[in-house]
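Chains as they are written, first to last, in this note's numbering: chain A, 1 to 117; chain B, 118 to 526. Here a beta-carbon is modelled for each residue, glycine too, at the ideal position from N, C-alpha and C. Please read all numbers here as calculations on a predicted model, not as lab measurements. Since the structure comes first, as structure tokens, the remarks are kept for the end.
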Amino acid sequence: MGTPRPLGAELQKGTTPMLVLSVIGDGELYGYDIARRIHERSGGAFAPSEGSLYPTLHRLEADGALEATWRAGEQGPRRRYYRLTERGQRLLADNLAQWSAFSRGIARVARPDVSGG
Amino acid sequence: MAEQRTTDYLAAVRARLGLPEPWASEVREEVAAHLADAVQDGLANGLSADGAERAAIERLGPPEDLAAGLRAAHQTPRRLAAGIAGGATAALGGALGGTVIGYGLVIAIASVAILVGTLLGRATGIRLEVPGTPSMGWTAAAAASAVAAGALLAARRATRAAALRSRRETRAIGRWLALAGTTALAAIVLFGARVVLSWPSVLAMVAIPVAFAAGALVATDRAGPRIGRRAVLVVFATCVAVPTLGLLALTTAVGTQLQSVGSGPYDSIDALWTAQGLDVVGRPAPASMADVFGDTGYRLEGGVATANLGIAKPALLAGWGDLRLEAWRTGSTDLVIQPGETAPFAAAPVEVQDGVVTGAVRVDATRDVEMFGLLLTGIGPDGVRSVLWGPNGGQTAFRGTVWDWLTAP
């Protein structure tokens with residue numbers, strides 16, 4: 001028996017692509033900025049593993065959901081900016097719909113008194 | 118010290134990425150920018166430079182895990198399929214372009230050699246000849262050399278295209294391609310392709326899989342010079358047109374020299390017999406045997422020389438035994454058996470049936486035979502082998518696979 005992982009980490013593992021697509025939906029962002037925005041917008045609830053962030057970005061790019069371009073920043077090194085493609089927008093919409101249905105289902109099971117059936 | 122830790126981390130990630138350029142460099146640059154941002158944040162939050170760097174690296178995790186995740190993200194099955202398709206297309210284009218370039222180079226080199234040889238011959242009076250190998254063997258050697266150039270370029274372009282599209286390391290792709298392609302080509306060259314062979318063409322044939330391996334393995338990380346279609350056409354036209362025009366100008370002189378070969382005065386039949394080298398085969402048949410055969414002839418089909426000799430006077434053959442058809446190596450432009458030949462390169466007993474002597478020998482399975490002389494010999498009543506018919510013959514060449522050549526007698 002190993003030490004059980006926190007629930008948040010398990011959830012994050014499967015939801016990182018959706019979180020990434022969500023924040024990039026606001027506009028072009030680079031890797032570090034994406035991680036920071038997820039952390040900020042979740043109120044600190046999610047701190048995606050930075051080690052899994054880049055494989056996720058590159059996988060989404062390979063799948064055609066993201067496009068990347070190199071651009072020099074105002075300060076510091078040049079950075080790789082990601083933006084959603086049409087395919088990425090459809091994928092985000094699908095993911096959000098699935099997540100919404102999933103979370104409603106969880107709520108009905110876990111707290112039937114609140115969800116009201 | 119602090120910067121060294123980042124440098125080491127980035128080097129460790131890159132070393133484990135297994136991606137070709139430019140992707141490997143891009144990933145390194147992206148991770149480096151991330152670490153720089155993370156360090157800046159750490160410093161802004163009051164960490165020391167060392168602590169900020171340590172924290173930034175720890176958040177990215179072990180370099181091998183990051184590299185493995187990135188490698189898996191890049192090397193998708195779809196990209197592997199694209200790499201295979203792109204490699205095959207590039208191989209086809211490289212093979213065609215390389216073969217055209219190879220032919221141009223071969224023609225240019227051969228033309229220059231012939232021109233220089235001809236000019237030297239005219240200046241010195243010495244007739245220079247290509248060392249003893251069938252001219253058809255040189256043709257096959259030229260073709261195989263051009264194909265070897267095509268194999269080299271095909272392997273190189275396939276390796277680079279497949280690596281780029283599949284996002285796999287060029288060296289790794291090159292190793293697999295060299296193993297598979299060289300094995301397949303070696304099998305085709307050794308056992309599959311039946312062509313006219315001589316030592317030059319055998320070496321050129323063997324060079325095909327070797328060139329493919331070299332193309333897949335040597336310096337594939339570096340981009341070669343870009344060769345456009347126009348450049349290929351210009352080089353090919355120059356390599357063919359200029360030497361051809363030069364050769365045309367010298368055709369008359371070459372033709373005159375060739376016509377003088379093989380002529381000579383002989384003051385007796387014995388002198389001719391010796392001059393033809395037939396003294397090493399046996400004695401001339403007795404004069405009484407002159408009319409033993411009526412209609413005679415031979416044909417050469419598929420490398421097999423078949424003689425059909427109609428017997429006009431069967432009684433003359435009484436007492437003769439061990440009749441056999443013999444094929445002897447002769448000079449390159451005539452039917453003179455060369456000094457030093459001690460035995461036929463092919464021989465077979467004949468059949469005597471219905472008044473016809475029939476025999477067949479294969480003349481395209483012995484190395485370095487350019488012209489063959491076909492003879493019917495037999496042992497006469499006096500116990501001595503004599504030549505009853507011949508020499509007749511013509512041009513031939515070894516035809517077979519490289520394996521046939523290497524294992525030929």
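Point to revise | Cβ shell of B:V327 (< 6 Å), same chain only, five flanking positions each side left out | key: Closer than 6 Å at the Cβ level, and outside the excluded window around B:V327, lies no residue.
Point to revise | Enclosing beta strand (DSSP E) for B:I496 [first to last residue] | key: For B:I496, the enclosing beta strand (DSSP E) has its first and last residue at M488 to I496.
Exercise for review: For my contact list, B:R273 and B:G341 are in at a C-beta cut-off of 8 Å; report their separation, rounded to the angstrom.
Suggested key: Contact flag correct, Cβ pair sits at about 7 Å.
Exercise for review: Count the CB pairs spanning the segment 253-266 of chain B and the segment 214-222 of chain B that are closer than 8 Å, and state whether there are at least three.
Suggested key: yes
Practice item. Report the partner residues of A:Y30 according to the DSSP bridge assignment. Key: A:Y81
Exercise for review: Compare the Cα-Cα distances from B:Q470 to each of B:P431, B:G500 and B:V323 and report the closest residue.
Suggested key: B:P431
**Study point:** Simplified DSSP state of B:I454, which is helix, strand or coil
**Key:** strand
Practice item. Tell me where the alpha helix (DSSP H) around A:F102 begins and ends. Key: E86 to A110
Point to revise | Burial state of B:W445 (16 or more Cβ within 10 Å) | key: For B:W445, the number of other beta carbons within 10 angstroms of its own is at least 16, and it is reported as buried.
Check your understanding: At what residues does the beta strand (DSSP E) containing B:E418 begin and finish?
Key -> Start and end: F410 to E418.
Check your understanding: Looking at the C-beta of A:Y54, does it have a partner C-beta in chain B at a distance below 8 Å?
Key -> yes
Review point. Do the segment 226-233 of chain B and the segment 308-320 of chain B touch if we need at least three Cβ pairs shorter than 8 Å?
Key: no
Check your understanding: At a Cβ threshold of 8 Å, is B:M118 touching chain A?
Key -> Because the pLDDT at B:M118 is just 48, under 50, the model does not fix this residue reliably, and the value given afterwards should be weighed accordingly. It does not: the Cβ of B:M118 has no partner Cβ on chain A nearer than 8 Å.
Review point. Given that B:T193 touches chain A, what residues does it touch there, using C-beta distances under 7 Å?
Key: A62
Practice item. Give me the Cα-Cα distance between B:E458 and B:L296, rounded to the nearest whole angstrom. Key: 44 Å
Review point. Do you know offhand how far B:T193's Cα is from B:A525's?
Key: 50 Å
Exercise for review: Grab the span of the beta strand (DSSP E) containing B:T193 for me, first residue to last.
Suggested key: Unbroken run through B:T193: none, as it is neither H nor E.
Check your understanding: Where B:W520 and B:A261 are concerned, what is the direct C-alpha to C-alpha distance, given to the nearest angstrom?
Key -> Taking the straight line joining both Cα atoms gives about 16 Å.
Review point. Does the count of Cβ pairs from the segment 53-64 of chain A and the segment 118-135 of chain B closer than 8 Å reach three?
Key: no
**Study point:** Any C-beta of chain A under 8 Å from that of B:G544
**Key:** Any question about residue 544 of chain B goes unanswered here, given that chain B covers just 118 to 526.
**Study point:** Straight-line gap, A:A45 to A:R37 (C-alpha atoms, nearest Å)
**Key:** Roughly 12 Å separates the two Cα atoms.
Check your understanding: Going along the chain, which residues of its own chain have a beta-carbon closer than 8 Å to the beta-carbon of B:Q376, five neighbours each way excluded?
Key -> With a pLDDT of only 34 at B:Q376, under 50, the local geometry of the prediction cannot be trusted, and the value read off the model is given with reservation. Here the set comprises nothing.
Practice item. Give me the Cα-Cα distance between B:L270 and B:T256, rounded to the nearest whole angstrom. Key: 22 Å
Practice item. State yes or no: is the beta carbon of B:R176 nearer than 8 Å to at least one beta carbon in chain A? Key: Closer than 8 Å: yes.
Practice item. Identify the contact partners of A:G25 in chain B, using a Cβ-Cβ distance below 8 Å as the criterion. Key: Chain-ordered listing is empty here: chain B has no CB closer than 8 Å to the CB of A:G25, the nearest sitting near 20 Å.
Exercise for review: Report the rounded CA-to-CA distance for B:E533 versus B:R347, giving the unit in angstroms.
Suggested key: Coverage of chain B is limited to positions 118 through 526, which leaves residue 533 of chain B absent and any answer about it impossible.
Review point. If we count the other Cβ atoms within 10 Å of its Cβ and call it buried at 16 or more, is A:I106 buried or exposed?
Key: Classification for A:I106: exposed.
Point to revise | For B:L442, the first and last residue of its enclosing beta strand (DSSP E) | key: G438 to R446
Exercise for review: Output yes if chain B places a C-beta closer than 8 Å to the C-beta of A:S49; else output no.
Suggested key: Interface residue, yes.
Review point. Between A:H39 and chain B, is there a C-beta pair that is closer than 8 Å?
Key: Cβ-Cβ to chain B under 8 Å: no for A:H39.
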